[in-house]
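Number of protein chains: 2
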Amino acid sequence: MTPSRGPGRRPGTPDTRGEVLTAARTSFADKGFERTTIRAVAASAGVAPAMVHHFFGSKEDLFLEALAAPFDPRVVLRPVVEGPPDELGLRLARTFVTIWEDESRREPLVALVRGAMTSEPVAAMLRDGFLRIIASVLGPAVAGPDPLLRLQLAISQGLGMELFRYVVKVEPLASTPPEELIQRLAPVLQHHLRG
Amino acid sequence: MTPSRGPGRRPGTPDTRGEVLTAARTSFADKGFERTTIRAVAASAGVAPAMVHHFFGSKEDLFLEALAAPFDPRVVLRPVVEGPPDELGLRLARTFVTIWEDESRREPLVALVRGAMTSEPVAAMLRDGFLRIIASVLGPAVAGPDPLLRLQLAISQGLGMELFRYVVKVEPLASTPPEELIQRLAPVLQHHLRG
DNA sequence: CGGCATATTAAACACATGGCCAATAAGTCA
DNA sequence: TGACTTATTGGCCATGTGTTTAATATGCCG
Numbered sequence: 035m036t037p038s039r040g041p042g043r044r045p046g047t048p049d050t051r052g053e054v055l056t057a058a059r060t061s062f063a064d065k066g067f068e069r070t071t072i073r074a075v076a077a078s079a080g081v082a083p084a085m086v087h088h089f090f091g092s093k094e095d096l097f098l099e100a101l102a103a104p105f106d107p108r109v110v111l112r113p114v115v116e117g118p119p120d121e122l123g124l125r126l127a128r129t130f131v132t133i134w135e136d137e138s139r140r141e142p143l144v145a146l147v148r149g150a151m152t153s154e155p156v157a158a159m160l161r162d163g164f165l166r167i168i169a170s171v172l173g174p175a176v177a178g179p180d181p182l183l184r185l186q187l188a189i190s191q192g193l194g195m196e197l198f199r200y201v202v203k204v205e206p207l208a209s210t211p212p213e214e215l216i217q218r219l220a221p222v223l224q225h226h227l228r229g
Numbered sequence: 035m036t037p038s039r040g041p042g043r044r045p046g047t048p049d050t051r052g053e054v055l056t057a058a059r060t061s062f063a064d065k066g067f068e069r070t071t072i073r074a075v076a077a078s079a080g081v082a083p084a085m086v087h088h089f090f091g092s093k094e095d096l097f098l099e100a101l102a103a104p105f106d107p108r109v110v111l112r113p114v115v116e117g118p119p120d121e122l123g124l125r126l127a128r129t130f131v132t133i134w135e136d137e138s139r140r141e142p143l144v145a146l147v148r149g150a151m152t153s154e155p156v157a158a159m160l161r162d163g164f165l166r167i168i169a170s171v172l173g174p175a176v177a178g179p180d181p182l183l184r185l186q187l188a189i190s191q192g193l194g195m196e197l198f199r200y201v202v203k204v205e206p207l208a209s210t211p212p213e214e215l216i217q218r219l220a221p222v223l224q225h226h227l228r229g
């Protein structure tokens, strides 16, 4: 077992804060907000629970920081908007799926979307933060009336798919290669956004 | 305040078990599994917390019973399968949205889908129970290769939309009339299932 | 009526949780 | 070196949780 050091600062300059954050990110993505305990996060990072409160104020603050910036939608979505409108769905599908295939970005995303299902504050984050920004960037590229509604339907398709894939883990969806998902998603997104 | 009766059986023949179940269903749909407390359910039903364990064994048993049978997919989906294949998407969209508009059936559905995001056992219920049955009924009506994948994509679109609508509550989706949702959903489902 | 099963309660139990505090060790800088 | 800041710990607290137990009141059946 670990020799269980007593109190006092550790020798060297370990990035304890970062390790706590990483452990938290994994746990939040894995078990959701409620079932993630500060004790478990601390244990997984190999430190005392009080460290979490030392570096971050509360569990909610930890959560916010763990979710912060899986990517900047404004940057990622720019190339999606700039391009031939009749391939908007394809570009969005490809960008979307690619991001979700990157594990380091998937974890905060799973944590965010899953958290939104459980906690109203997190739902508000998704609704008034993330979706709002996405709408402002992608909105102008949407054709026809009710652009917001169209956008939300498109995104709900994408998120629903990823939820099924990575949270519910239903087969064969969970094992389908990304490229095929892109091909299946593209026409649907295209129809929602410009049909 | 209520006169706070002491212990002992109540006069009359009140359906306490049913009231507890109803309260539980609402709370599970409203706050999810973790944030639903037995005490709150009991209070909402106007009885002592111990009643919950008297009638149902544990919190998990309560949850399972609260989720049981919002409807029988085999019955509901039969008319969807029987009909012109080029309107399969429309019939499925209409049936799907209609069920979700009925509050008494929506509650257990929200609880189920939301629970699947948090708890693996519930995810298994959704995956190996619900989706399995749906696949067995709807499967034969799907055209082309990978019928299961097609079905899962279609359902993920539907559930994603309802999650956005009733859990995240994002506008304007949350306030869009059902009939419009049906019209927007229909072609997408049709494409997934028979495109 | 008498006796048993059932409903119902208050109280308590064991435990986990988030948060906080005081003490201690290590680094930093004059 | 010495003063000060920062990291790190064990231990504590108040709270809330699911669950159990013993006691009590009501209904039901012979």
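Residue numbers (this note's numbering), protein chains in the order written: chain W, 35 to 229; chain G, 35 to 229.
The beta-carbon is built from N, C-alpha and C at its ideal position, and this holds for glycine as well.
- Under the three-state reduction of DSSP, G:P211 is assigned to coil, being neither helix nor strand.
- The C-beta of G:T70 has 16 or more other C-beta atoms within 10 Å across all chains shown, which makes the residue buried.
- Shown here for W:V156: same chain residues with a beta carbon closer than 6 Å to its own, the five before and five after excluded, namely G149, A150 in chain order.
- G:F105 sits away from G:E99, with the two beta carbons spaced by 9 Å or more.
- According to the DSSP assignment, G:T152 belongs to the alpha helix (DSSP H) that extends over 137–152.
- The beta carbon of G:P221 lies closer than 7 Å to those of G123 in the same chain, with the five residues before and after it left out.
- Listed along chain G are G66, E68, R69, T152, each with a C-beta nearer than 8 Å to that of W:E68.
- Boundaries of the alpha helix (DSSP H) harbouring W:A100: 93–101, taken from the DSSP string.
- Annotation for W:R69: no alpha helix (DSSP H) segment contains it, and DSSP assigns it neither H nor E.
- The C-alpha of W:S78 lies about 14 Å from the C-alpha of W:A84.
- The beta carbons of W:R108 and W:V176 sit about 16 Å from each other, so the pair does not count as a contact at 8 Å.
- With respect to chain W, the C-beta atom of G:P107 has no partner C-beta closer than 9 Å.
- Annotation: the continuous alpha helix (DSSP H) that includes G:F89 extends over 84–89.
- Taking a beta-carbon distance threshold of 9 Å, W:Q191 counts as an interface residue toward chain G.
- Per DSSP, the unbroken alpha helix (DSSP H) holding W:V114 starts and ends at 107–115.
- Annotated three-state conformation of G:E205 is coil, per DSSP.
- In chain order, W134 place their CB closer than 6 Å to the CB of W:R140, counting only its own chain and leaving out the 5 sequence neighbours on each side.
- In the three-state scheme derived from DSSP, where H, G and I count as helix and E and B as strand, G:D180 is classed as coil.
- With respect to W:A208, W:R199 sits close: the two C-beta atoms are nearer than 9 Å.
- Judged by DSSP secondary structure, W:A169 falls within the alpha helix (DSSP H) whose first and last residues are 165–172.
- Near chain W, meaning a CB-to-CB distance below 9 Å, the residues of the stretch 192–223 of chain G are G192, L193, G194, M195, E196, L197, F198, R199, V201, V202, K203, V204, E205, P206, L207, T210, E214, L215, R218, L219, P221, V222.
- Close partners of G:R44 in chain W (Cβ separation under 7 Å) are lacking, with about 34 Å as the shortest Cβ gap.
- Non-local C-beta neighbours of W:V86 in its own chain, meaning closer than 7 Å and more than five positions away in sequence, comprise V54, I72, V75, A76, L96, ordered along the chain.
- The beta-carbon of G:L227 is placed no less than 9 Å from the nearest beta-carbon of chain W.
- Between the alpha carbons of G:A158 and W:V202 lies a distance of about 8 Å.
- When CB distances to chain G are screened at a threshold of 8 Å, the residues of the stretch 164–177 of chain W falling below it are L165, in chain order.
- Residues of the stretch 125–158 of chain W that bring their beta carbon within less than 7 Å of a beta carbon in chain G comprise R148, A150, M151, T152, A157, in sequence order.
- Excluding sequence positions up to five before and after W:A58, its CB lies within less than 6 Å of the CB of V75, L96, A100, all in the same chain and listed in chain order.
- At least one CB of chain W lies nearer than 9 Å to the CB of G:L183.
- Taking a C-beta distance under 9 Å as the contact criterion, W:P174 and W:V115 qualify as a contact pair.
- Nearest neighbour of W:A63 by Cα position, chosen from W:V144, W:D49, W:G194, turns out to be W:V144.
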